[in-house]
Structure formats: structure tokens, C-alpha cells
Amino acid sequence: MKLLMVGAGLSGAVIGRMLAKAGHTVTVVDTRDHVAGNCHTERDAETGVNLHVYGPHIFHTDDEEVWNYVNDFMTFLPFKNRVKTTSQGQVFSLPINLHTINQYYGKTMRPEEARAFIEQIADRSIEDPQTFEEQALRFVGPDLYEAFFKGYTIKQWGCSPTELPASILKRLPVRFNYDDNYFFHKFQGMPENGYTEMVAKILDHENITVHLNTSFSREQAADFDHVFYSGPLDGYFGYDLGRLGYRTLDFEKFTAEGDYQGTAVMNYGDVDVPYTRITEHKHFSPWESHENTVCYKEFSRACEPEDIPYYPIRMVDEKKMLADYVALAEKTESVTFVGRLGTYRYLDMDVTIREALDTGRAFLEHAAAGTSM
Ligand code: FAD
Ligand code: UDP
């Protein structure tokens, strides 16, 4: 069959590879001048540092098949994300752990003492937290909420934490030990030569043709037996029902001598610091050594039509519009909507790959049975 992948990110590459391997002819188009979508990495011409161009990407998963899959295309080297945050004039460790709690309160508590202490200050009268703020107050109490989450979240999402769902904070753990690894997944690492080289290898197959600087238009779909679309869901339908809300990011890039901040990610918890974090990219490749350093100051704001959509907001009042677009997508024959933008969900890379593998397999099963997906 003749198949079209719209988007050369992880979704398009992984599905495309599987279907090409099964003997189908796969065309991949991407508006951008590079593959890998938002995971794109490229070497900085001046310093040689490998840059995470659309923001820092750390690979972490419990999914062994996904881990083996990426390791087939690229050596992954050990990397643990140890995030720091500057708040109220001090530097603390994130996610909130025993070090953070002891430092913040000037104490030397052991794990069970800290647990009992937090239990006292946390607002346990909130039984079933619905909003981000309720979730924070229930689990860490007002002081730590104000210091680490309130200001950062207002900057990141452009609204009050009382308007955001609790699920956003549920991604972050609170630990009563000194484990400062941001993630708790079994497999964690960084691709030795970056994500773009990895995705280029996934796409390197005799049945795959990639066209960069090429935007998809719906008329093109008629030339193919099936389309896998990883662009914005509302964009496919010409924004007919309105625009789904996104946050976009602005990166202010600067170069410095030596080591700027001594770590890869420094968050800024205070609301009066306009940026959310500074990332120093050479620390994402600790096995490399570079004399000079490149940092990105990250600013978050509402996404305008001409901006790159980064984070789906999924505000409560958007639920109806999203449901209507999903209904339209389901009715669209011979097109499967995939990935972060195509399904309007925040998806980590491992989940994106898992879903792409499952989608590719489902398509092959349908093709073998002579049914359509
Ligand atoms: P994308 O990577 O967005 O690829 C879609 C591609 O489609 C793009 O290249 C786009 O140019 C192209 N496209 C869109 N419309 C069209 C069109 N009409 N015609 C042609 N091409 C089109 N995940 C992690 O696991 N760890 C992390 O640390 C992490 N950090 C992140 C940090 C940020 C700031 C963001 C926003 C995301 C992060 N992610 C992280 C998530 C990760 O970026 C996604 O899981 C991944 O990019 C999803 O891949 P995708 O192929 O679905 O989408
Ligand atoms: N967050 C915060 N302070 C921090 C880091 C995170 O308030 O220093 C909040 C913020 O609202 C963010 C959410 O916790 O969106 C989830 O954090 P995560 O690190 O998963 O952020 P993301 O990957 O969404 O940028």
C-alpha cells in the first residue's frame, strides 16, 4: 500500500518504519527542515554543544520493549535528571525530597519525622483534590506550595493553579528520602549522538522517502491508501470549530565561558522572575567536554496561530471542542490521528513510541484481515 506519514517526529518515524519493514511504500512529510519533531537536537556551530532545540528531552521509561527499540538505533548513555530550583533566595533540590524539606525548614529530620511533620502542615481536609492548588495543599501544605509550585505554575500555564487540573501536579512525586532523581523509571538515559540522529536512523529504510520543508494539504491524502497524521488535530480540520489552547515557549539563547550554573536544569520558583527555568545543554551530555557553554532561558506564553504549539492546556471549557474534533477525526476515513498534536495530549517520548508501535501493529492486522482502520 502507499502510505503517508504527516510529521517526521517519533510518531511518524516509528509507525513509518514498521510499515516500511512490512513491505509498504512510505512517504514522510514534515514542514520543518529537519526530522525528529520536538525532540530535535543539533550541534551548536560555535561551541560544539549538542542542543535540545525545542527544550530539554530526557528519556525515561518502564517499558522494556520501547527501551530496547530506541537502543537498537542509538547507544543510550546514563543520565539522571537532577533538577534544582531557585526560590526565595536559595537553591533547593527537586522533586521535593528530604533534603528540600530539611533545608526549607532548617531541620535535620529523618524520613518518618519528616513524613509526620508534613502530615501536620498539609491540608488533609481536602479529600479529593480537583485542582492543582488543592493537590499541592493536600500533599505538601502552603509553604512548600508557595515556594516551589505557585509562582512557577502561574508562569508556566498563564493562569491560577486553582484553574488547573490536579493531574498536572500528580506527575511530580514527594519523597521522604534523599533520592533527587526527577523520574522513577527503571530505564533512563540520553542518546549518545542526540535524538535527531536516532530518528534519522529509524527513517533510514529503502521503502521510506522523506520530504522536508513540505507541508501536508488534505488534497494530498487522495494519493495515498492511508494517512497517519501527527500534526495538530484542529489544524487538520482548518480550525473550523475553533482553536484548541496551547502554551508556546520562547527560548533566549546565550553563550558563556566554562560552566554557567553547574547543572542541566535550574527552575525559578519566584513569580517575579519572568522565566520558568534555565537549561544548560552541555550538562545533558556529561560524557562530552566543552570549553564554553550554551544556555536557554525559557519563557512560557499563550500560543498564537503563528507559534509552535508545545503544551496542550486542556482547560475544562475546551472539553466540548476537543470532543467534537475527536468525533470528526473518528469519522475521517483512511486517516489515523497520532501523537502529541494529533491527539492533543501531553505525551512523553516513551508513551509516544509505545502508541506508535501499537498503531503500526493494529494497521498491519487490519491489512492482513482486509478490514480498514
Ligand atoms: P512532534 O515531535 O511534535 O512531531 C510532529 C511533527 O509534525 C513536527 O515535526 C511538525 O513539524 C510536523 N507537522 C505538523 N503539522 C504538519 C503538517 N501540516 N505538515 C507537515 N508536517 C507537519 N518527553 C520525554 O519523554 N521526556 C522529556 O524530557 C520531554 N521534554 C519535553 C519538553 C518540552 C518543552 C515538550 C513540549 C515536550 C517534551 N517531551 C518530553 C515530549 C516529546 O516532545 C513528545 O513525546 C514527542 O515530541 C512526540 O512526538 P510526535 O511525533 O508525536 O510529535
Ligand atoms: N512545577 C512547578 N515547579 C517546578 C516544576 C514543576 O510548579 O519547579 C509544576 C508545573 O505546573 C509543571 C508541573 O509541575 O507544569 C509538572 O512538572 P513537570 O516537570 O512534569 O513539567 P513539564 O514536563 O510539564 O514541563
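If you count the sequence shown from 1, you need to add 64 to reach the working numbering.
Just so it is clear, CB atoms sit at the ideal spot from N, CA and C, and this is done for glycine as well.
Query: Simplified DSSP state of C359, which is helix, strand or coil; Result: strand
Query: Segment limits, beta strand (DSSP E) that includes T149; Result: K148 to S151
Query: G333 beta carbon near the ligand UDP (any heavy atom closer than 7 Å); Result: yes
Query: V93 CB to nearest heavy atom of the ligand FAD below 7 Å; Result: yes
Query: CB contact flag (L386, Y408, <8 Å); Result: yes
Query: Counted within 10 angstroms of its Cβ, other Cβ atoms place T435 as buried (16 or more) or exposed; Result: exposed
Query: M69 burial status per 10 Å Cβ neighbour count (16 or more: buried); Result: buried
Query: Local Cβ density within 10 Å of H345, reported as buried at 16 or more and exposed below that; Result: buried
Query: For A328 and P120, the rounded distance between their alpha carbons; Result: 9 Å
Query: Check: Y216 C-beta below 7 Å from any heavy atom of the ligand UDP; Result: yes
Query: Euclidean distance between Cα positions of R404 and F288; Result: 23 Å
Query: Buried or exposed (CB count within 10 angstroms, at least 16 for buried), T343; Result: buried
Query: Residues bridged to A458 [DSSP beta-bridge criterion]; Result: Lying before the first or after the last residue shown, residue 458 is absent from the chain, which here runs from 65 to 437.
Query: Bridge partner(s) assigned by DSSP for I342; Result: M330 and K361
Query: Simplified DSSP assignment, three categories, for Y259; Result: helix
Query: Alpha-carbon spacing of S231 relative to E270, whole angstroms; Result: 43 Å
Query: Option in P369, I272, D414 and T357 with minimal Cα separation from G80; Result: I272
Query: As assigned by DSSP and simplified to three states, the class of M254; Result: strand
Query: Spatial distance of W221 from F363 (CA atoms); Result: 11 Å
Query: Identified DSSP bridge partners for L233; Result: DSSP lists no partner for L233.
Query: Minimum C-alpha distance to S279 - residue among M82, D244, T95 and T164; Result: T95
Query: The stretch 174 to 188 in contact with the stretch 209 to 217 per 3-pair CB rule at 8 Å; Result: no
Query: When G73, L236 and E321 are compared against T260, the one with the closest alpha-carbon; Result: G73
Query: Inter-residue spacing [alpha-carbon to alpha-carbon] between S189 and I377; Result: 28 Å
Query: When T164, D334 and F137 are compared against A264, the one with the closest alpha-carbon; Result: F137
Query: Length of the line joining the Cα atoms of C359 and C103; Result: 17 Å
Query: Spatial distance of N356 from A320 (CA atoms); Result: 6 Å
Query: Span separating the alpha-carbon of F240 from that of E394; Result: 45 Å
Query: Cβ pair count under 8 Å reaching 3, the stretch 150 to 162 against the stretch 224 to 238; Result: yes
Query: The ligand FAD heavy atom lying under 7 Å from the CB of F140; Result: no
Query: Residue of L297, S281 and T312 minimising C-alpha distance to E305; Result: A small correction: the amino acid at residue 305 is Leu; Glu does not occupy that position in the sequence shown. Among L297, S281 and T312, the Cα nearest to that of L305 belongs to L297.
Query: Cβ neighbour criterion (16 or more within 10 Å) applied to P174; Result: First, the residue type needs correcting, since residue 174 is Arg and not Pro in the sequence shown. R174 is exposed by the Cβ-count criterion.
Query: Buried or exposed by the 16-neighbour rule on C-beta atoms within 10 Å, applied to H290; Result: buried
Query: Alpha-carbon spacing of T217 relative to E382, whole angstroms; Result: 20 Å
Query: Residue environment, Q199, which counts as buried when at least 16 other CB atoms sit within 10 Å; Result: buried
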